[in-house]
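For reference, the structure discussed in these notes is given below.
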Amino acid sequence: MYPVAPLLDSGRLSVSDIHTLYWERRGNPDGIPVVFLHGGPGFIAKAEYTQLFPPDKFHTFLFDQRGAGRSTPYAELKDNTTPNLAEDINRLRLHFGLNKWAVTGVSWGSALALAYAQTYPEQVTHLLLRGVSLAERSGADWFVQAGTHHLFPDWWEDYEAFIPSAERHDMMAAYSHRLNCGDSSVELEAAKQFNVWDTAISALRLPLDDIAEIRKDPATLLSVARLFCHYAANDFFLADRPIIANMDKIAHLPGHIVHGRYDMICPMSAAWKLHKAWPASQLHIIPDAGHSQWEPGIISKMTEILHIL
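Just so you know, numbering that gives the first Met the number 0 puts 139 at position 140 of the sequence shown, and the rest follows in order with no gaps.
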């Protein structure tokens, strides 16, 4: 990996009556413009992500999506939909006076990248997607209800135990209720349990340090749990414009798909399905990786692609 790309500047952009986004520009101001879309929804665009990008080659734009990280208001659900976020990306492009840019999206950010590209195909030069999500309810159910508990029954036990048995038939709804109940202690405990589960199944090697951090300070990840449940319960606000059904709009765009063979959060079937619907894409299956951005095989392939892009 490279050093964290130097910060050029940072600021805030108002995108609605209530939402203001935090953004950063890093790297080479004369380099190839690329916008990085973080996962979640609700995570944060950490500067460390720029370690994948050759700093002399890329002019990298980072921002925290609505309700996430340093954007305000924190963990806000109102006016927070996928079409809203796609328009925000375009507002940022116009704010910086760019005609086109490359788009990199990870996990949920890959679905957002595709939704944005399908809305503004003429403004995208290239797509680089990692840990692909197609923003489908079936994928969300696999993660929180119907699939991964068979592989991680030990970690599922605590995640499930937080919810009374009468409500366990719909873990998404049960967690969503507690994440929005108005009692901060209950909301934070729900956020802790949700994010510990998410993190425990994210990598081949159990990330114990990350889990310890979540248990110590769950408030920083309230947005992840709350926004994920909000988006998933609403079919990621893409029921009328599903990603795969609209791939013809970006069939011409070149792109790379990087996916861990043992991704338990976004199963590889999503990456395969996307690749089959996108003739211009190249699929890179990492044989010894899960979902995490920081697995060695993922890092190696992402930096390799960005070096030759």
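Glycine included, C-beta positions come from ideal geometry on N, C-alpha and C.
In its chain, beyond the 5 residues on either side, V33, T124, H125 have a beta carbon closer than 6 Å to the beta carbon of A101.
Taken in chain order, no unbroken stretch of alpha helix (DSSP H) lies wholly in the region 274-300 with a span of 4 residues or more.
Between the alpha carbons of Q64 and H168 lies a gap of roughly 31 Å. Residue environment: N89 is assigned as exposed (fewer than 16 neighbouring CB atoms within 10 Å of its CB, all protein chains considered). The beta carbon of H306 sits closer than 7 Å to those of P53, all from its chain and outside the five residues before and after it, given in chain order. Secondary structure of G26 (DSSP, three-state): strand. With respect to L237, P120 sits apart: the two C-beta atoms are not nearer than 9 Å. Note on D55: under 16 other CB atoms within 10 angstroms of its CB, so exposed under the neighbour-count rule. With a cutoff of 9 Å on beta-carbon distance, A250 and W277 are scored as near each other. A straight-line Cα-Cα distance of about 17 Å links G138 and N194. Two segments are said to touch when three or more pairs of C-beta atoms, one from each, lie closer than 8 Å; by this definition the region 128-146 touches the region 222-242. Runs of the beta strand (DSSP E) spanning 3 or more residues and lying entirely within the region 56-122 occur at 57-62, 100-105, in chain order.
Apart from the 5 residues on each side of it in sequence, L91 sits with its Cβ closer than 8 Å to the Cβ of L12, L20, W22, V34, F60, F62 in its chain, given in chain order. DSSP, reduced to helix, strand and coil, places L20 within a strand of the structure shown. Here I256 carries a strand assignment [DSSP, helix/strand/coil]. For I31, the enclosing beta strand (DSSP E) stretches over residues 31-36. It is roughly 11 Å from the alpha-carbon of P295 to the alpha-carbon of A202. With 16 or more other Cβ atoms inside 10 Å of its own Cβ, M246 counts as buried. The region 101-119 makes contact with the region 34-51: 3 or more CB pairs, one atom from each, lie closer than 8 Å. Between the beta-carbon of A160 and that of Y174 there is about 13 Å, and that puts the pair past the 8 Å contact cut. Shown here, G10 sits in a strand according to DSSP, grouped into three states.
Apart from sequence neighbours up to five positions away, the residues of its chain that approach P28 with a beta-carbon distance below 7 Å are L7, H58, ordered along the chain. Runs of alpha helix (DSSP H) with 4 or more residues, each lying fully within the region 196-232, are found at 207-215, 221-232, listed in chain order. Membership of P152 in the alpha helix (DSSP H) is indicated by the continuous run 152-160. Rounded to whole angstroms, the separation of the alpha carbons of C265 and R177 is 24 Å. Take the alpha-carbon of K215 and the one of A199: they are about 15 Å apart.
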